[in-house]
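Going by my numbering, the sequence shown opens with residue 142, and the numbers climb by one from there. Where a beta carbon is used, it is the ideal one built from N, C-alpha and C, also for glycine.
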Amino acid sequence: MRSCMLRAGLSRATGISPFILGSPKGWLGSAYHEVLEKIPRVDLATESLDNAIERLWSQAIAAQHQRASRHPLDRRFGSPVTWPGYHVARASVRLRAGDLVTFTVAAPVAATGPGAFVSATIREQEFIACNGKLVGRPDVVRADEVVDYKSGGLFEYDENSQVEVVKSAYVRQLRIYGYLVKEALGSWPIRGLLLPLAGTGVEVSLHPAECEQEVLEAIALLDAYNAKVRAQARPAEFAAPSPAACKWCPYKLICPAFWQAASPAWSGHLDGAAVEGTVPEAPRSIHGGAALAITVDVQAGSEGPRRAEIAPLNPAVHSSIATVGVGDHVRFVSLRVRPDGVLTPTSRTILVRVADVPSLGIAGRYHEKANDQG
Ligand code: SF4
142 MRSCMLRAGL SRATGISPFI LGSPKGWLGS AYHEVLEKIP RVDLATESLD NAIERLWSQA
202 IAAQHQRASR HPLDRRFGSP VTWPGYHVAR ASVRLRAGDL VTFTVAAPVA ATGPGAFVSA
262 TIREQEFIAC NGKLVGRPDV VRADEVVDYK SGGLFEYDEN SQVEVVKSAY VRQLRIYGYL
322 VKEALGSWPI RGLLLPLAGT GVEVSLHPAE CEQEVLEAIA LLDAYNAKVR AQARPAEFAA
382 PSPAACKWCP YKLICPAFWQ AASPAWSGHL DGAAVEGTVP EAPRSIHGGA ALAITVDVQA
442 GSEGPRRAEI APLNPAVHSS IATVGVGDHV RFVSLRVRPD GVLTPTSRTI LVRVADVPSL
502 GIAGRYHEKA NDQG
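Next comes the structure, spelled out in structure tokens:
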């Protein structure tokens, strides 16, 4: 919402899933969270902790794999054990789930001392404030802290201070959690604790004034978004395209604002090259029929006009290439630009015919509720 309202809207849009490539790292994170959410409810009198963790992990991973296997783009990632970070996530879930259960059984929180306000550990509880506009579900609330398990890196590079800092989105999320907890339980947590997949956690101090300011800004953003929806603004009026905002955005392929704004000045500032152009000749078979090559006269996107030969493309991964004919307009995202300027596919490259891209519009109803992603 903060960097681009259109991106926030598209995250809840229906009908665009076939054009959005998921992330195995994100699926591992979802499975990891699912195990941590369920493990405290296991009856450890009838099942060992190790067995319970293994069972829950296998179930969660199988569900992620099944969904990915049915998706036209995501199925390229194959078996879960080949997903980058699989073994780290599996080792980490054993560690964190064990800690969680041990904490529950052996070390209940005492409700004494400065800042102490919770006499029991609260997990995965939904907190609501601001007349329902603010909703959040911290992983754990205990004693005077809010704990959130993260499957991604905790740090980002700050251009101003030129050092690595805790991701600002995570800090904002913790502040909003702090406010939600205060509203529900009557007392402020004094810190947030971010626990990564691997390594030690990071503490973030929570100050009431900063938490309140964060909430004011989040509600103002939500109100501005909803005002646009009510006014039936065009999708472009929600968009804030820039190399920084669009770099990791999964909606580039279908985002009209991106293709209007992107220019060769963006080259090297995205998660790979994004190009749009016409196809002057039919895709041709190479490598003895194992792959295809396509020629594109590039007219838009992050690279300058040129005739590009893009290969090798696996037809099983890029099934849309079977429908591409002479004169078609196509888009590619997440291409690698070699030092000699040649564009080559990566494991995250997507190809689409522009004629197949869904048009975006505002639904007839909307939700006046902010989620905890800010
Ligand atoms: S591609 Fe850029 S402009 Fe489009 S939704 Fe994503 S962040 Fe917003």
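Quiz item: Which partner residues of PHE268 appear in the DSSP bridge assignment?
Solution: For PHE268, which the question treats as bridged, DSSP gives the partners GLY277.
Quiz item: Leaving out the 5 sequence neighbours to the left and right, which residues in its chain are closer than 7 Å to GLY150 when beta-carbon positions are compared?
Solution: Cβ neighbours of GLY150 beyond the five flanking positions: PHE379.
Quiz item: What separation, rounded to the nearest whole angstrom, lies between the Cα atoms of LEU454 and GLY156?
Solution: Roughly 26 Å between the two C-alpha positions.
Quiz prompt | Inter-residue CB distance, ALA449 and VAL437 (contact presumed, cutoff 8 Å) | solution = The pair is a contact, with the Cβ atoms about 5 Å apart (cut-off 8 Å).
Self-check item: Inter-residue Cα distance where the pair is HIS228 and LEU321
Solution: Each residue's Cα considered, the two are about 35 Å apart.
Practice problem: Collect the residues with a C-beta less than 5 Å away from any heavy atom of the ligand SF4 and give them in sequence order along the chain. | Solution: The chain-ordered list of residues whose CB is nearer than 5 Å to some heavy atom of the ligand SF4 reads CYS145, LEU147, ARG148, ALA380, PRO382, ALA386, CYS387, CYS390, TYR392, LYS393, CYS396, ALA398 and PHE399.
Quiz item: Taking one C-beta from the stretch 361-368 and one from the stretch 385-401 each time, how about it: are there three or more such pairs within less than 8 Å?
Solution: No: fewer than three Cβ pairs fall under 8 Å.
Practice problem: May I ask you to report which of helix, strand or coil DSSP gives THR341? | Solution: DSSP, read as helix, strand or coil, puts THR341 in coil.
Quiz item: Using a beta-carbon distance below 7 Å, is VAL498 in contact with chain D?
Solution: As a matter of chain content, chain D is missing from the structure shown, which is built from one protein chain.
Quiz item: Leaving out the 5 sequence neighbours to the left and right, which residues in its chain are closer than 6 Å to ALA381 when beta-carbon positions are compared?
Solution: Result list for ALA381: CYS145, in chain order.
Quiz item: Is it the case that the Cβ atoms of GLN440 and GLY413 are separated by a distance below 7 Å?
Solution: Contact: no.
Quiz prompt | Rounded C-alpha distance that separates ALA201 from VAL242 | solution = Spanning the two alpha carbons is a distance of roughly 19 Å.
Quiz prompt | Start-to-end residues for the alpha helix (DSSP H) that takes in ALA149 | solution = Per DSSP, ALA149 belongs to the alpha helix (DSSP H) from 146-151.
Self-check item: Sub-7 Å separation of GLY131 and ALA415 beta-carbons
Solution: Nothing about residue 131 can be reported from this structure: the residues present for the chain run from 142 to 515 only.
Quiz item: What's the gap between the Cα of ALA377 and the Cα of ALA398?
Solution: Going by the C-alpha atoms only, they are around 6 Å apart.
Quiz item: Is it buried or exposed for THR490, if we count other Cβ within 10 angstroms and need 16 for buried?
Solution: Burial call: buried.
Practice problem: Report the rounded CA-to-CA distance for ALA230 versus ARG494, giving the unit in angstroms. | Solution: Each residue's Cα considered, the two are about 36 Å apart.
Quiz item: What separation, rounded to the nearest whole angstrom, lies between the Cα atoms of GLU195 and VAL176?
Solution: Approximately 9 Å, taken between the alpha carbons.
Quiz item: Are PRO337 and LYS291 close, meaning C-beta to C-beta below 7 Å?
Solution: Yes, Cβ-Cβ distance for PRO337 and LYS291 is below 7 Å.
Exercise. Please specify which runs of the beta strand (DSSP E), each continuous and at least 3 residues long, are wholly inside the stretch 420-457, giving them in chain order.
Key: Listed in chain order, they are 425-427, 432-442 and 447-454.
Exercise. Look at the Cβ atom of VAL234, then the Cβ atom of TYR298, and state whether they are nearer than 7 Å.
Key: Against a cut-off of 7 Å, the Cβ pair of TYR298 and VAL234 comes out as no contact.
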